[in-house]
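Chemist: Residue numbers (the UniProt record's numbering): 1 to 612. The beta-carbon is built from N, C-alpha and C at its ideal position, and this holds for glycine as well. First the structure, then my questions, so here it is.
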């Protein structure tokens with residue numbers, strides 16, 4: 001039995017844990033002299049052999065034994081992988097030879113994808129995934145990931161990041177022009193020419209810098225990364241802007257949007273094609289056009305069908321980012337083509353272009369997974385979003401209740417508002433101002449002037465109760481109370497004493513419950529999540545970095561990999577492995593020091609309590 005299937009019972013004895021897929025069988029023969037059956041389980045092999053006997057009776061059968069056998073088989077395979085990694089500790093030459101295998105046959109691919117867990121229970125899948133994550137933390141496995149990162153990952157990652165920034169810049173400029181930010185023709189309108197020069201200047205600086213950086217990435221390696229990071233550019237904006245006529249500038253910018261979209265579509269299709277089981281058919285000489293037009297689209301459609309209907313995603317669709325990237329880049333490509341030959345409808349620019357731009361900005365977050373200092377925050381953010389959804393389960397009923405209460409309160413008052421009572425100082429200033437503005441006006445009649453002032457200062461009920469005219473507006477205004485956005489004027493204008501007291505009672509209880517209680521509950525939940533899952537988040541960061549490297553590996557060619565692995569310096573590999581081992585030892589030593597300090601602090605507290 002695998003160690004993952006055991007736990008400690010309440011009295012500290014190690015016992016076998018019955019998973020949800022266990023079948024409880026009647027013993028075939030009596031195990032005692034008195035004919036009574038003992039309760040200890042048979043061996044694993046004997047249990048499978050005897051359980052498949054059609055003449056054997058069963059008390060309970062939850063799932064098929066084939067699933068349990070598949071789970072144990074998968075765990076045994078992971079044990080073999082762990083043994084192989086342990087063997088490679090002292091045999092780095094064999095490890096480097098294994099790096100030349102195809103992507104689908106690589107050890108990294110098998111550890112990062114649910115290749116054989118589709119029909120298993122959720123509990124069984126979690127056990128297997130935990131074992132895979134532990135293997136990804138193995139020093140040799142981390143060495144493999146780091147070698148691949150240095151071989152092709154750092155160059156391709158830099159290229160993708162720069163292309164994403166270029167796409168974001170050009171799409172921003174395109175939407176800015178399409179949505180009518182520049183008013184008038186820049187050639188005739190001075191204001192339009194000024195705005196055009198601002199946009200063109202920013203575009204020229206950013207685009208030239210990004211294109212130059214992209215050119216540098218073609219020669220980027222791990223050895224010359226510092227030299228490639230030093231780039232400079234000098235532009236004379238006045239001369240360059242004169243060369244950009246407005247129509248040419250728009251066409252050029254939209255052309256860059258389309259090229260960036262094509263680049264990312266090709267990248268996503270390559271990654272999708274690497275997951276196709278018959279990818280070797282294409283490598284052996286199948287038609288490139290037939291492969292791209294038939295095999296890859298068919299695989300993409302069937303993968304979506306399996307994800308929606310059978311809940312078994314393909315390796316490509318296991319990533320939540322991949323589920324939105326390819327459709328998004330196709331949409332950007334359609335937008336760019338429409339802008340090149342005709343104009344994208346204004347309504348489509350507003351309702352599709354703005355969300356498209358927002359998602360592209362949001363996708364910049366995924367590039368943080370390659371940085372160790374902040375990469376662990378990505379899985380932590382997912383757990384915090386779970387806390388937010390749990391918080392909303394408490395918050396939404398209270399929010400809806402207060403929104404409806406405010407709406408009904410202010411709607412019931414109608415025109416029942418407090419009369420205006422002018423301040424004496426303000427009334428004196430009003431007299432003097434009125435006599436200066438209208439010298440011929442009769443300002444001696446105090447009653448007439450006060451009536452005029454009351455008419456001017458009396459507000460309409462819609463203006464007084466602004467924000468509570470409808471239930472949706474009341475919901476939004478009530479939600480802003482969570483962030484201390486409280487408007488006191490509607491409550492001060494309530495004329496009825498009962499309505500006045502009720503309004504302030506609602507406001508006080510609302511602020512107390514939402515701001516003081518519920519927000520503190522949310523902060524406490526997030527703080528507990530941060531403290532409880534910090535170590536797990538660091539482990540997840542290692543997994544996400546490995547996924548990033550694997551995603552880049554799927555789009556590389558075998559020629560690039562063979563050339564790099566053939567010239568690999570084994571002395572540097574040995575030094576890199578020693579650095580990883582030393583870093584693990586230092587981290588463990590730091591953790592032990594923290595635990596010792598906490599234990600000493602606890603002992604001191606106990607000693608002080610005894611003395612008291």
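Grouping DSSP H, G and I as helix and E and B as strand, with all else coil, what is residue 494?
Modeler: For the purposes of this step, residue 494 is taken as the residue at position 494 of the chain shown. Strand at residue 494.
Chemist: Given a cut-off of 7 Å on the beta-carbon distance, is the pair residue 391 and residue 476 in contact?
Modeler: For this step, residue 391 is matched to residue 391 along the chain shown. For this step, residue 476 is matched to residue 476 along the chain shown. Cβ atoms of residue 391 and residue 476: not closer than 7 Å.
Chemist: Using 8 Å as the cut-off, can you tell me whether the region 252-264 makes contact with the region 140-152, which would need three or more C-beta pairs spanning the two stretches below that distance?
Modeler: Output reads no: the region 140-152 does not touch the region 252-264.
Chemist: Report the option in 551, 113 and 167 whose CA atom is closest to the CA atom of residue 369.
Modeler: Looking up residue 369 in the chain shown gives position 369. Of the candidates 551, 113 and 167, the one whose C-alpha sits nearest the C-alpha of residue 369 is 551.
Chemist: Identify the continuous alpha helix (DSSP H) that holds residue 569 and give its terminal residues.
Modeler: Working through the chain shown from its first residue, we reach residue 569 at position 569. That residue, residue 569, is in no alpha helix (DSSP H); it is neither H nor E in DSSP.
Chemist: What are the start and end residues of the alpha helix (DSSP H) that includes residue 124?
Modeler: Translated into the one-based positions of the chain shown, residue 124 becomes position 124. Unbroken alpha helix (DSSP H) run through residue 124: 122-136.
Chemist: Nearest by alpha-carbon distance to residue 404: which of 468, 353 and 365 is it?
Modeler: By 1-based counting over the chain shown, the position of residue 404 is 404. The candidate whose alpha carbon is nearest that of residue 404 is 468.
Chemist: Give the single residue among 347, 73, 257 and 399 whose Cα lies nearest to the Cα of residue 179.
Modeler: Within the chain shown, the letter at position 179 stands for residue 179. That would be 347, whose Cα lies nearest to the Cα of residue 179.
Chemist: To the nearest angstrom, how far is it from the Cα of residue 493 to the Cα of residue 519?
Modeler: In the chain shown, the residue the question calls residue 493 occupies position 493. In the chain shown, the residue the question calls residue 519 occupies position 519. Taking the straight line from one Cα to the other gives about 30 Å.
Chemist: Measuring CA to CA, which of 141, 263, 604 and 382 is closest to residue 106?
Modeler: By one-based count along the chain shown, residue 106 stands at place 106. The shortest Cα separation from residue 106 among 141, 263, 604 and 382 belongs to 141.
Chemist: Would you kindly check if the distance between the Cβ of residue 410 and the Cβ of residue 465 is under 7 Å?
Modeler: Here residue 465 refers to the residue found at position 465 when the chain shown is read from its first residue. Here residue 410 refers to the residue found at position 410 when the chain shown is read from its first residue. Yes, Cβ-Cβ distance for residue 465 and residue 410 is below 7 Å.
Chemist: Does the Cβ-Cβ distance between residue 264 and residue 157 come in under 7 Å?
Modeler: Mapped onto the chain shown, residue 264 falls at position 264. Mapped onto the chain shown, residue 157 falls at position 157. Taking 7 Å as the Cβ cut-off, residue 264 and residue 157 do not qualify as a contacting pair.
Chemist: So the alpha helix (DSSP H) residue 338 belongs to, where does it begin and stop?
Modeler: Within the chain shown, the letter at position 338 stands for residue 338. Here the alpha helix (DSSP H) through residue 338 covers 322-341.
Chemist: Taking residue 201 as the reference, give the member of 271, 173 and 212 with the closest Cα.
Modeler: Along the chain shown, read from residue 1 onward, the residue named residue 201 stands at position 201. It is 173 whose Cα lies nearest to the Cα of residue 201.
Chemist: Would you kindly work out how many angstroms separate the C-alpha atoms of residue 483 and residue 406, rounded to a whole number?
Modeler: Numbered from 1 along the chain shown, position 483 holds the residue referred to as residue 483. Numbered from 1 along the chain shown, position 406 holds the residue referred to as residue 406. The straight-line gap from Cα to Cα measures roughly 17 Å.
Chemist: Can you tell me whether DSSP reads residue 305 as helix, strand or coil?
Modeler: Reading the chain shown from its first residue, position 305 is the one you call residue 305. Reduced to three states, the DSSP call for residue 305 is helix.
Chemist: Mapping DSSP to helix, strand and coil, what is residue 554?
Modeler: Residue mapping note: residue 554 aligns to position 554 of the chain shown, counting from 1. DSSP places residue 554 in coil when its eight states are reduced to three.
Chemist: Residue 468 by DSSP, collapsed to three states: which one?
Modeler: In the chain shown, the residue the question calls residue 468 occupies position 468. Residue state, collapsed to three classes: coil.
Chemist: Rounding to the nearest angstrom, what Cα-Cα distance links residue 413 and residue 204 in this structure?
Modeler: Counting from 1 along the chain shown, the entry for residue 413 is found at position 413. Counting from 1 along the chain shown, the entry for residue 204 is found at position 204. Using only the alpha carbons, I get a separation of about 59 Å.
Chemist: Within a Cβ cutoff of 6 Å, which residues of the same chain sit near residue 573, ignoring the five residues on either side of it in sequence?
Modeler: Stepping through the chain shown from its first residue, residue 573 is reached at position 573. The residues are 92.
Chemist: Restricting to Cα atoms, I'd like to know which of 269, 569 and 541 is closest to residue 373.
Modeler: The residue you call residue 373 lines up with position 373 of the chain shown. Of the listed residues, the one whose Cα sits closest to residue 373 is 541.
Chemist: Are the Cβ atoms of residue 317 and residue 326 separated by less than 7 Å?
Modeler: The residue labelled residue 317 in the question sits at position 317 within the chain shown. The residue labelled residue 326 in the question sits at position 326 within the chain shown. No; because the gap between Cβ atoms is not below 7 Å, this pair is not in contact.
Chemist: Can you tell me whether residue 62 is helix, strand or coil according to DSSP?
Modeler: Start at 1 with the first residue of the chain shown, and residue 62 comes out as number 62. Residue placement at residue 62 is poorly supported in this model, since its pLDDT is 47, which falls under 50; the coordinates still yield a value, given next. Coil at residue 62, not helix or strand.
Chemist: Can we say the region 83-98 touches the region 128-145, given the rule of at least three CB pairs closer than 8 Å?
Modeler: Segments in contact, yes.
Chemist: From residue 602 to residue 544, what does the alpha carbon distance come to, in whole angstroms?
Modeler: Taking the chain shown and counting its residues from 1, the one referred to as residue 602 is at position 602. Taking the chain shown and counting its residues from 1, the one referred to as residue 544 is at position 544. Roughly 36 Å between the two C-alpha positions.
Chemist: By Cβ distance below 6 Å, which residues in the same chain neighbour residue 108 in space, the five residues on each side in sequence not counted?
Modeler: Reading the chain shown from its first residue, position 108 is the one you call residue 108. Excluding residues within five positions, the ones whose Cβ falls inside 6 Å are 550.
Chemist: Between residue 324 and residue 209, what straight-line distance do the alpha-carbon atoms span, to the nearest angstrom?
Modeler: By one-based count along the chain shown, residue 324 stands at place 324. By one-based count along the chain shown, residue 209 stands at place 209. Going by the C-alpha atoms only, they are around 28 Å apart.
Chemist: Taking just the CA atoms, how far does residue 513 sit from residue 479?
Modeler: Within the chain shown, numbered from 1, the residue matching residue 479 stands at position 479. Within the chain shown, numbered from 1, the residue matching residue 513 stands at position 513. Rounded to the nearest angstrom, the two C-alpha atoms are 13 Å apart.
Chemist: Find out if the Cβ-Cβ distance for the pair residue 357, residue 175 is shorter than 7 Å.
Modeler: Locating residue 357 in the chain shown gives position 357, where the first residue counts as 1. Locating residue 175 in the chain shown gives position 175, where the first residue counts as 1. Going by C-beta atoms, residue 357 is nearer than 7 Å to residue 175.
Chemist: If the criterion is Cβ atoms closer than 7 Å, does the pair residue 565 and residue 89 meet it?
Modeler: The residue given as residue 565 occupies position 565 in the chain shown. The residue given as residue 89 occupies position 89 in the chain shown. Not in contact: residue 565 and residue 89 (Cβ atoms no closer than 7 Å).
Chemist: From residue 555 to residue 218, what distance separates their C-alpha atoms?
Modeler: Working through the chain shown from its first residue, we reach residue 555 at position 555. Working through the chain shown from its first residue, we reach residue 218 at position 218. When rounded, the distance between both Cα atoms is 15 Å.
Chemist: What does a CB cutoff of less than 6 Å around residue 303 pick up in its chain, not counting 5 residues either side in sequence?
Modeler: Here residue 303 is taken as the residue at index 303 of the chain shown, counted from 1. Around residue 303: 314 and 317.
Chemist: Under the rule that 16 or more other beta-carbon atoms within 10 Å means buried, what is residue 548, buried or exposed?
Modeler: Taking the first residue of the chain shown as 1, we reach residue 548 at position 548. Buried.
Chemist: Pick helix, strand or coil for residue 544, following the three-state DSSP scheme.
Modeler: Residue 544 sits at position 544 when you count from the first residue of the chain shown. Note: residue 544 maps to helix in three-state DSSP.
Chemist: Mind checking which residues open and close the alpha helix (DSSP H) that includes residue 390?
Modeler: Sequence index remark: in the chain shown, residue 390 carries index 390 (1-based). It spans 377-413 - the alpha helix (DSSP H) in which residue 390 sits, taken as one unbroken run.
Chemist: Identify, in the order they occur along the chain, each residue of the same chain with its Cβ nearer than 6 Å to the Cβ of residue 55, setting aside the five sequence neighbours on each side.
Modeler: Walking along the chain shown from the start, residue 55 turns up at place 55. At residue 55, the pLDDT of 47 sits below 50, so the modelled position is not reliable; the number obtained from the coordinates is stated separately. Around residue 55: no qualifying Cβ.
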